[in-house]
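Residue numbers (the working numbering): 90 to 341.
Don't be surprised by glycine CBs; every beta carbon is placed ideally from N, CA and C.
Reviewing the structure listed below.
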Amino acid sequence: MTDPQDDRIAALEAELAAVRADVQAFTYTVSHDLRAQLRHILAYAEIVQEDAGPQLDAQAQSHLATITGAARQMGVLMDGLMAYARLGTVPLQAVVQPVRPLLQEVCQALQASHPGRGLEWRIADDFPEVCADAELLRQVWTHVLANALKFTRPRAQALIEVGWEAGVEGTCVLYVRDNGVGFRADQQAKLFHVFQRLHSPREFEGIGMGLALTRKVVERHGGKVWAEGAVDAGCCIRFTLPLVSADHLRAS
90 MTDPQDDRIA ALEAELAAVR ADVQAFTYTV SHDLRAQLRH ILAYAEIVQE DAGPQLDAQA
150 QSHLATITGA ARQMGVLMDG LMAYARLGTV PLQAVVQPVR PLLQEVCQAL QASHPGRGLE
210 WRIADDFPEV CADAELLRQV WTHVLANALK FTRPRAQALI EVGWEAGVEG TCVLYVRDNG
270 VGFRADQQAK LFHVFQRLHS PREFEGIGMG LALTRKVVER HGGKVWAEGA VDAGCCIRFT
330 LPLVSADHLR AS
């Protein structure tokens with residue numbers, strides 16, 4: 090007789106393989122079939138602009154610009170969808186990961202990409218080591234810190250604080266707190282879902298994908314992510330990661 094537990098594991102592995110196959114089929118469709126149609130739209134819009142642009146009136150020029158802009162935005166949305174889909178299938182390489190060196194790299198890169206901004210960083214010195222995939226953790230820091238930079242832009246002096254607190258059951262809570270525009274309490278549930286925006290594109294750029302990708306990465310590490318904030322009172326993004334256990338250190 091076979092062990093029911095073994096049968097259950099085999100069934101779960103088969104289910105996971107099927108999910109991965111579906112994701113691969115989806116990403117192929119997006120990256121090849123849909124993108125081919127999108128390239129056609131952009132190419133023919135450019136042909137119309139080159140051949141007939143001078144003869145078009147202002148309204149027709151505006152319509153043509155709308156077509157081109159919408160097609161390019163669709164390309165950005167496709168990129169976001171593909172990134173989100175692939176996160177579920179990328180192998181997780183969880184290792185002992187010091188937090189501060191990676192965090193500093195991301196902060197320096199973001200600082201360099203925002204010259205002239207009045208920015209004050211307050212970063213804790215005593216982060217614990219966590220068990221995480223270095224590249225995926227880099228993505229989390231990039232998305233969360235870029236979010237803080239974006240929504241503190243109206244402030245003459247942006248304040249971004251990064252720290253940690255003890256969690257439960259061998260975890261720590263990492264957080265990024267800012268003095269930005271914040272959000273309403275009834276908007277909190279939307280923050281970590283795909284393509285959910287709390288502000289119009291005229292106010293703040295983006296497609297509403299960064300925090301959704303953050304949630305996906307954190308959940309793949311067995312953690313949770315949530316937000317606290319209020320209108321004009323800033324935002325605090327918190328997420329949990331597993332601490333390095335004694336067993337993990339011995340295995341290393």
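Going by DSSP, what residue range makes up the alpha helix (DSSP H) through residue i?
i	result
Gln-197	188-201
Lys-305	299-309
Glu-139	124-141
Going straight from the alpha carbon of residue i to that of residue j, what length do you get?
i	j	result
Arg-242	Leu-208	10 Å
Lys-313	Val-307	6 Å
Val-270	Leu-263	21 Å
Gln-228	Arg-309	13 Å
Lys-305	Ala-99	25 Å
Leu-123	Ala-106	24 Å
Gly-205	Asn-268	18 Å
Cys-325	Asp-96	44 Å
Glu-104	Val-179	16 Å
Leu-248	Trp-210	6 Å
Ala-340	Leu-330	Reliability fails at Ala-340, whose pLDDT of 45 lies under 50, so the model's placement of it is uncertain and the value that follows must be treated cautiously. Roughly 19 Å between the two C-alpha positions.
Leu-338	Val-185	Here Leu-338 scores only 41 on pLDDT, less than 50, and its place in the model should not be relied on; the value that follows carries that caveat. Rounded to whole angstroms, Leu-338 to Val-185 spans 8 Å at the Cα level.
Gly-142	Arg-161	19 Å
Please name the residue or residues paired with residue i in a DSSP beta bridge.
i	result
Leu-181	None; Leu-181 has no bridge partner.
Arg-266	Glu-250, Cys-325
Ala-255	Cys-261
Leu-332	Val-219
Leu-208	Ala-247
Locate the beta strand (DSSP E) running through residue i, then write down its first and last residues.
i	result
Ala-316	314-318
How should residue i be labelled, buried or exposed, when 16 other C-beta atoms within 10 angstroms of its C-beta is the threshold for buried?
i	result
Ala-134	buried
Leu-344	This structure cannot settle anything about residue 344, because the visible part of the chain is limited to 90 through 341.
His-232	buried
Leu-181	exposed
Val-257	exposed
Gly-323	buried
Arg-327	buried
Gly-318	buried
Val-195	buried
- Curious, which full-length alpha helix (DSSP H) runs of at least 4 residues does the region 211-251 contain? DSSP runs (the alpha helix (DSSP H)) wholly in the region 211-251: 223-240.
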